[in-house]
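In what follows, a structure is listed as structure tokens, so that the remarks can point back to it.
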Amino acid sequence: MERRLQHLNWLTVRDLVPEEIDTVILPVGTVEAHGSACLGTDNFIPEAIANDIAERINALVAPIVNYGITKSLIRYNGGSTIQPDNFQRYIRDILDSMVDTGFHNIILMNGHGGNNSSLKPVAFEFHRERQANIAVIHWWELCGRMTEEFFGHAGGHAGTDETAMVMAVDPSLADQSRFSKDLAYSFKPGADVYPVPGTILLYKEDEGYPEFDVEQAKEYRKNVSATVGDFVESVLERWRKFGL
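Structure (structure tokens):
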């Protein structure tokens, strides 16, 4: 069946929610520089994961929130940002609308690290005030161990993992001809730098560069969606087990 919420008409949603479907996935990302990958990397990835797992967890997928909180990369061409208080109010309004529609379980699929600290308090206040269930998933963190096992090293912003995921969506979204190791910067503990001097951000020195292998990327996407799907499925099962 069609799982994308905005592709359905209101009568279908009325008939499905909450009697047959009480779970919705809300992808959230941002627009910012990602090395030789596209500006929308943080949007395409959580949307792809949401679509991959929707059938498995019997959920609908809400339209993605494409604009988020871009900080250290905002001065690189094409990026955009939202002030944190505006972002939080906007996300909260969407969450409230979802509960008003009849959804009881919300999976917020985040694709961008700059959103993390703002999503956590919004999720808690929403849960407390609306008595609905919400899980905020930062996919690259949840899949961190799997990523190291799959590639043999950690990924990074616009590195092995993100570039593979966006290439699995569409190989044209990463341009190998534009790649250079000069684009990469390794994080150093004890320093906050604005703008960060590189658009590929590595967790370990000289480790995690994009690999541009389409078949490998497709297999990695399967592993990511399986890892995220396993976790979300277990959370939903436990919520229901405890009558939440």
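Its first residue numbered 7, the sequence shown is counted upward by one per residue in this note's numbering.
Glycine included, C-beta positions come from ideal geometry on N, C-alpha and C.
Limits of the beta strand (DSSP E) - the one that residue i falls within
i	result
Pro33	Thr29 to Val34
Leu14	Taken as a continuous stretch (DSSP letters only), Leu14 belongs to no beta strand (DSSP E), as it is neither H nor E.
Leu66	Ala65 to Val67
Other residues of its chain near residue i: CB distance less than 6 Å, five sequence neighbours each side excluded
i	result
Phe218	Gln182
Val175	Phe50 and Ala54
Glu239	Ile63
Pro90	Ile75 and Ser124
Val128	Gln94, Ile97 and Arg98
Ala170	Ala223 and Tyr226
Gly117	Gly35, Asp48, Ile51 and Pro52
Asn245	In the sequence under discussion, the amino acid at residue 245 is Trp, which differs from the Asn named in the question. Taken in chain order, the residues that qualify are Asn139.
Val105	Arg136 and Ala138
Glu168	Thr47
Start and end residues, alpha helix (DSSP H) containing residue i
i	result
Val241	Val220 to Lys247
Thr205	Looking at the DSSP string, Thr205 is not in any alpha helix (DSSP H), and its letter there is neither H nor E.
Tyr96	Pro90 to Thr107
7 Å CB neighbourhood of residue i in its chain, flanking five on each side removed
i	result
Asn64	Ile27 and Thr29
Phe237	Leu148
Ser86	Val37, Tyr73 and Thr76
Lys187	Tyr215
Gly165	Ile206, Leu208, Gly214, Tyr215 and Pro216
Ile88	Tyr73, Gly74 and Ile75
Gly46	Val37
According to DSSP, residues forming a beta bridge with residue i
i	result
Glu213	Lys210
Ala43	His40 and Ala180
Asn111	Thr29 and Asn139
Val251	Since the displayed the chain opens at 7 and closes at 250, residue 251 lies outside it and no answer follows.
Cβ shell of residue i (< 8 Å), same chain only, five flanking positions each side left out
i	result
Val3	Residue 3 is absent from the model: the chain starts at 7 and stops at 250.
Gly235	Asp58, Ile59, Arg62 and Ile63
Tyr82	Glu38, Ala39, Pro201 and Thr205
Trp145	Ile51, Pro52, Ile55, Met115, Asn116, Gly117, Val230 and Val234
Lys194	none
Thr131	For the sequence presented, residue 131 should be read as Glu rather than Thr. Closer than 8 Å at Cβ, skipping near neighbours: Arg98.
Arg20	none
Just to confirm the assignment: which complete alpha helix (DSSP H) runs, minimum length 4, are found wholly within the stretch 113-149?
122-136 and 145-148
Ordered list of beta strand (DSSP E) runs contained in the stretch 142-195, each at least 3 residues:
Counting only runs of 3 or more, we get 190-192.
Does the pairing of the stretch 170-182 with the stretch 32-46 give three or more beta-carbon distances under 8 Å?
yes
How do the stretch 108-118 and the stretch 138-156 stand: do at least 3 beta-carbon pairs fall below 8 Å, yes or no?
yes
Could you check whether the stretch 145-163 touches the stretch 208-227, counting it as contact only if at least three pairs of C-beta atoms, one from each stretch, sit closer than 8 Å?
yes
Three Cβ pairs or more, each shorter than 8 Å: is that satisfied between the stretch 157-164 and the stretch 193-208?
yes
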